[in-house]
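Residue 162 in the working numbering sits at position 123 of the sequence shown, with consecutive numbering throughout.
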Amino acid sequence: MSGSLDQRALKSHSVSSEPLAETIERHAARIRREGDKPYVSVARQLELLEQLSQFEFGQFLLQNQGINGYWTHYMLTHPWRGRVTGKNQYGQPLHDLEKFILDRAPTMLATQQRFMHFLSENQKAVKNHARLACIPSGSLGELLYLDYAGINQIELIGIDYDAAALSDAHALAEKLGLSHFTQLMQGDAWQLHLRDEFDLISSNGLNIYEEDEVKVTELYRQFYTALKPGGKLVTSFLTFAPQSGEDCEWRLEQINQQDLLLQKIIFVDILEAKWRCYRSSAQTRTQLEAAGFRGIEFIYDDAHLFPTVIAHKS
40 MSGSLDQRAL
50 KSHSVSSEPL
60 AETIERHAAR
70 IRREGDKPYV
80 SVARQLELLE
90 QLSQFEFGQF
100 LLQNQGINGY
110 WTHYMLTHPW
120 RGRVTGKNQY
130 GQPLHDLEKF
140 ILDRAPTMLA
150 TQQRFMHFLS
160 ENQKAVKNHA
170 RLACIPSGSL
180 GELLYLDYAG
190 INQIELIGID
200 YDAAALSDAH
210 ALAEKLGLSH
220 FTQLMQGDAW
230 QLHLRDEFDL
240 ISSNGLNIYE
250 EDEVKVTELY
260 RQFYTALKPG
270 GKLVTSFLTF
280 APQSGEDCEW
290 RLEQINQQDL
300 LLQKIIFVDI
310 LEAKWRCYRS
320 SAQTRTQLEA
330 AGFRGIEFIY
340 DDAHLFPTVI
350 AHKS
């Protein structure tokens, strides 16, 4: 574990110092250069680009092409907060495009369901003297939002490459009164060097940024080694879209096609988002088994876009 990791190597998002105006113009120039597409005009893309620049979440997406721990926490907890109040983190009315992203974009809805599945599965591991890890930690919500009633001794370990995410996790642990249970470390998930340490590893958000199948299997092998015998991995993956040419597991009747198209225009055509690595359930099972896991179970969101996977170490 290291406190001086190169933040330029982050997989989930860039760390951009480019002024927002320059970022917008760079995106706009590319959109104009690529021209009209069969399903969306240049003018419509430029209109959406301008709208994205009008709220902070959109600005972050434009500048970084991914989602860090802070914004992951923001979008995952939106159903409890912004969806109820109609307001953003500053108590201001949500921009219409931000409301679309958080309330209607199909992959966002699947992501929010995925988070609830993680909480349900992770709760089962809450016992006195347990060691629960979240890798990458992000804001550590996958552990900090669990119920610790009756628990007086437990360790909640967050490991993340991003120092900013660890800072957010520390703040959330303090806010929820769980800092006495919490340990945070900066480190690379592919270089854990840990053996038989954890009863649970909760891990979302790495494999969707990694194209190399060998590296994904190696990630699972790192997790397997770090778990205690009898330990459990809770992880997830994005499934293939119909037009990918791969086996599609989506339940299309659960997806609003107009919302799906607008999501594609925003995240693929305008933002060129980084989370574009997809896998099938069968492929994921094979990779987990190659890493040593057994007792593999899949829990699907309504549309089968972002499954949760439970895997056990013998």
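A virtual CB, placed ideally from N, CA and C, is assigned to each residue, including glycine. In this text, all values refer to a predicted model and were calculated from it rather than measured experimentally.
Which of the three DSSP states, helix, strand or coil, is assigned to Glu336? strand
Ala321 burial status per 10 Å Cβ neighbour count (16 or more: buried): exposed
Report all residues from its chain with a CB closer than 8 angstroms to the CB of Tyr187; omit the five preceding and five following residues, and keep chain order. Val165, Ile193, Leu217 and Phe220
Best match in Glu95, Arg315, Asp308 and Thr347 for proximity to Ala67 [C-alpha to C-alpha]: Asp308
Opposing strand residues paired with Ser241 [DSSP bridges]: Cys173 and Val273
Does the beta-carbon of Gln131 have 16 or more other beta-carbons within 10 angstroms, so that it is buried, or is it exposed? exposed
Going straight from the alpha carbon of Leu300 to that of Arg143, what length do you get? 11 angstroms
Leaving out five residues before and five after Tyr109 in sequence, what residues of the same chain have Cβ atoms less than 6 angstroms from its Cβ? Asp207
Distance, Leu266 Cα to Met40 Cα: Any reading at Met40 needs caution, since the residue's pLDDT is 44, under 50, leaving its predicted position unreliable; the model's value is listed next. Answer to the nearest angstrom: the Cα atoms are 17 angstroms apart.
What runs of the beta strand (DSSP E), each 3 residues or longer, lie entirely inside the region 123-202? 170-173 and 194-199
Is Val348 buried or exposed, if buried means 16 or more other CB atoms sit within 10 Å of its CB? buried
By Cβ distance, which residues of its chain are closer than 7 angstroms to Ala330, with the 5 residues on each side in sequence left out? Thr256, Tyr259, Arg260 and Tyr263
Quick check: Thr150 and Phe345, are their CB atoms within less than 8 angstroms of each other? yes
Could you give the distance in angstroms between the alpha-carbon of Leu141 and the alpha-carbon of Ser283? 25 angstroms
Measuring alpha carbon to alpha carbon, tell me which of Ala202, Gln104, Gly74 and Cys316 ends up nearest Ile63. Gln104
Could you spell out where the alpha helix (DSSP H) holding Gln222 opens and where it closes? Per DSSP, Gln222 belongs to no alpha helix (DSSP H); it is in the beta strand (DSSP E), Thr221 to Gln225.
Same chain, Cβ closer than 7 angstroms to Glu311, neighbours up to 5 away in sequence not counted: Gln104
Output the distance between the C-alpha atoms of Ala227 and Gln102, rounded to the nearest integer angstrom. The amino acid occupying residue 227 in the given sequence is Asp; Ala does not appear at that position. Their backbone Cα atoms lie some 24 angstroms apart in a straight line.
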